[in-house]
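Whatever position you read off the first sequence (first residue = 1), add 11 for our numbering.
Every residue, glycine too, gets a C-beta built ideally from N, C-alpha and C.
A short write-up of the structure that comes next.
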Amino acid sequence: MIEQLMEEAVSPENWHTAWKAVVSNDGAPGIDGMRCSELVEHLQRHGEAIRAKLLAGRYTPSPVLRTKIPKPGGGERDLGIPTVMDRFVQQLLLQVLTPIYEPRFSARSYGFRPGRSTHDAVRQAQAYVKEGKSYVIDLDIEKFFDRVNHNLLMHRLRETVSDVRVRTLIGRYLKAGVMVNGVVQDNEEGTPQGGPLSPLLANIYLDPLDWELEGRGLAYVRYADDCNIYVGSAAAAQRVLASIIGWIEKKLRLKVNQTKSGTGPTTGRRLLGFSINARGVIAIAQKSMARFQEKVRALWRPQRHRGNEEMREEWNQYVRGWCSHFALAEEVRWVKRADGWIRRHIRKYYWQRWHCAQGRLHAFQRLGISRHHWVSARSSRGAWCMAGSPALQAAISVASLRRYGYLMPSVLLAR
DNA sequence: CTCCAACGTAC
RNA sequence: CUUGUACGUUGGAG
Ligand SMILES: Nc1ncnc2c1ncn2[C@H]1C[C@H](O)[C@@H](COP(=O)(O)OP(=O)(O)OP(=O)(O)O)O1
């Protein structure tokens, strides 16, 4: 059964879902310039030949296309974009390897895994803090995907994947090379940032780290290369940090990113866009909040070709998505509670761009919301906006977020 | 539960 | 012409 993994990979059903996945992503072409929309035709024409090559273990992937994108924190990310065909083949492998590896992975690993979310990871971290482990060792690996060691990874794969064709194909993908400015270069390490299989390979590569941490009885969560270990004291944190860095460099042959990694109280350190204080309250991390504010300002900048209704719609869909992720944070929960309360008392809501502080003040006073729960007119300028679904829920004062630690609900006039 | 579209976040 | 995995929100077809 496990000997015929490649047969399973090229089965009609797997073939079809892999094709669906690549086409629905609708990503950019690789070095051959073939678009996702052209994949259907290509598979109809060469599908059988490709299937035969895969089964014979004679398929050779193309190099990936090097594209640079800016990272949120500054710096550049080197993407490696495989051709649409190679993304399809990797998708075939991903779909058969995932059910094999999923049950073997640690329960504390959350990144890139089906059925596991950032929320699950943060809630687990919160549980640790509530147990009194309010110091964290935050480990981040330097250029993680780009530095994955081929030999080590292939050894890992040998332990669980018996089908040689699958293993050699993965090996070829790792060594497929990159095209930079039209010139193909060899690569001796790394798995491409942009390969459908890369996230799974990354988890396979870091799997021993999970077992090492669990073996040491440490309380931790891991999301891709971002590993957070929770301990009860600053001294323990320092001790564990040094020891784990050594282990990672020796056993995993990876460098720990010294600038991103460190130890400290959980308050002020960020985990997946959140921060957790000593009492276990989850808040929006400063960096994520800053990004949000930046985006809000851009969204609200008046533009000629953009009408008011259009702006409002754009804003609503952005905030809906944003709030769905940060719904775990206390600030957003507070707004939602306030919204429920406001809904019960007011039928009509109003969307406004510029401040109208007096009107709001009166509205709040009529509603019995006390003064310290809202913002001064000075700090609110230009920053009032509506949160949530088109039906509206509450307004948020971006300017006051950090000062008060909560999102401010605001209510408004009739339409 | 599967699939389609739009959008958001994490890495 | 910005790739990938995963999760989530809204809407739609079964
Ligand atoms: N947009 C993306 N597309 C594809 N892969 C990504 C993307 N973002 C992150 N990854 C993958 C590849 C990264 O090696 C890995 C960890 O991300 P991240 O820690 O942000 O950067 P990095 O480890 O490559 O560099 P560094 O940590 O040194 O800044 O997750």
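Looking at residue i and ligand 1, is the gap between the Cβ and the nearest heavy atom below 7 angstroms?
{"i": "glutamate 153", "result": "yes"}
{"i": "aspartate 157", "result": "yes"}
{"i": "asparagine 36", "result": "no"}
{"i": "glycine 205", "result": "yes"}
{"i": "alanine 32", "result": "no"}
{"i": "aspartate 236", "result": "yes"}
{"i": "asparagine 268", "result": "yes"}
{"i": "arginine 98", "result": "no"}
{"i": "arginine 302", "result": "no"}
{"i": "lysine 261", "result": "no"}
{"i": "lysine 271", "result": "yes"}
{"i": "arginine 127", "result": "no"}
{"i": "arginine 77", "result": "no"}
{"i": "arginine 290", "result": "no"}
{"i": "arginine 88", "result": "yes"}
Taking all protein chains shown into account, decide if residue i is buried (16 or more other Cβ within 10 angstroms of its Cβ) or exposed.
{"i": "valine 21", "result": "buried"}
{"i": "alanine 29", "result": "buried"}
{"i": "lysine 144", "result": "buried"}
{"i": "valine 330", "result": "buried"}
{"i": "valine 51", "result": "exposed"}
{"i": "threonine 270", "result": "exposed"}
{"i": "glycine 226", "result": "exposed"}
{"i": "alanine 136", "result": "buried"}
{"i": "tryptophan 326", "result": "buried"}
{"i": "glutamate 142", "result": "exposed"}
{"i": "tryptophan 26", "result": "buried"}
{"i": "threonine 171", "result": "exposed"}
{"i": "threonine 71", "result": "exposed"}
{"i": "tryptophan 333", "result": "buried"}
{"i": "leucine 183", "result": "Inspection of the sequence shows that residue 183 is occupied by arginine rather than by leucine. Result: exposed."}
{"i": "alanine 309", "result": "exposed"}
{"i": "proline 432", "result": "Outside the shown range of the chain (12 to 426) lies residue 432, about which nothing can therefore be said."}
{"i": "aspartate 43", "result": "exposed"}
{"i": "histidine 384", "result": "Low local confidence applies: a pLDDT of 33 at histidine 384 is under 50, so the model's placement there is unreliable, with the coordinate-based value given in what follows. Histidine 384 is exposed by the Cβ-count criterion."}
{"i": "glycine 126", "result": "exposed"}
{"i": "alanine 124", "result": "Position check: residue 124 holds arginine in this sequence, whereas alanine was assumed. Burial call: buried."}
{"i": "alanine 338", "result": "exposed"}
{"i": "isoleucine 111", "result": "exposed"}
{"i": "alanine 248", "result": "buried"}
{"i": "alanine 213", "result": "buried"}
Under a three-way DSSP split, which group does residue i fall into?
{"i": "asparagine 239", "result": "strand"}
{"i": "valine 33", "result": "helix"}
{"i": "arginine 233", "result": "strand"}
{"i": "alanine 294", "result": "strand"}
{"i": "methionine 45", "result": "coil"}
{"i": "lysine 271", "result": "coil"}
{"i": "glycine 91", "result": "strand"}
{"i": "arginine 77", "result": "strand"}
{"i": "glutamine 204", "result": "coil"}
{"i": "proline 276", "result": "strand"}
{"i": "leucine 150", "result": "strand"}
{"i": "valine 195", "result": "strand"}
{"i": "phenylalanine 285", "result": "strand"}
{"i": "serine 22", "result": "coil"}
{"i": "valine 172", "result": "coil"}
{"i": "valine 189", "result": "strand"}
{"i": "serine 254", "result": "helix"}
{"i": "serine 120", "result": "strand"}
{"i": "arginine 69", "result": "coil"}
{"i": "leucine 211", "result": "helix"}
{"i": "histidine 316", "result": "coil"}
{"i": "lysine 262", "result": "helix"}
{"i": "leucine 220", "result": "helix"}
{"i": "proline 114", "result": "helix"}
Exercise for the section: Say whether the stretch 80-98 touches the stretch 255-269, bearing in mind that this needs 3 or more beta-carbon pairs closer than 8 angstroms, one atom from each stretch. Expected result: no
Exercise for the section: Decide if the stretch 270-285 is in contact with the stretch 168-187; the criterion is three or more beta carbon pairs, one per stretch, under 8 angstroms apart. Expected result: no
Problem - At least 3 beta-carbon pairs within less than 8 angstroms: the stretch 189-206 vs the stretch 235-244 - result: no
Exercise for the section: Specify whether the stretch 107-126 and the stretch 211-221 touch according to this definition: at least 3 beta carbon pairs, one from each stretch, less than 8 angstroms apart. Expected result: Verdict: yes, contact present.
Exercise for the section: Specify whether the stretch 72-83 and the stretch 34-48 touch according to this definition: at least 3 beta carbon pairs, one from each stretch, less than 8 angstroms apart. Expected result: In this structure the stretch 72-83 lies against the stretch 34-48, because at least three pairs of beta carbons, one per stretch, are closer than 8 angstroms.
Problem - Contact between the stretch 124-139 and the stretch 284-302 (3+ Cβ pairs under 8 angstroms) - result: Taking 8 angstroms as the limit for Cβ pairs, the verdict is that the stretch 284-302 does touch the stretch 124-139.
Practice task
Tell me, please, whether the stretch 145-160 touches the stretch 295-303 by the rule of three or more beta-carbon pairs shorter than 8 angstroms.
Solution key: no
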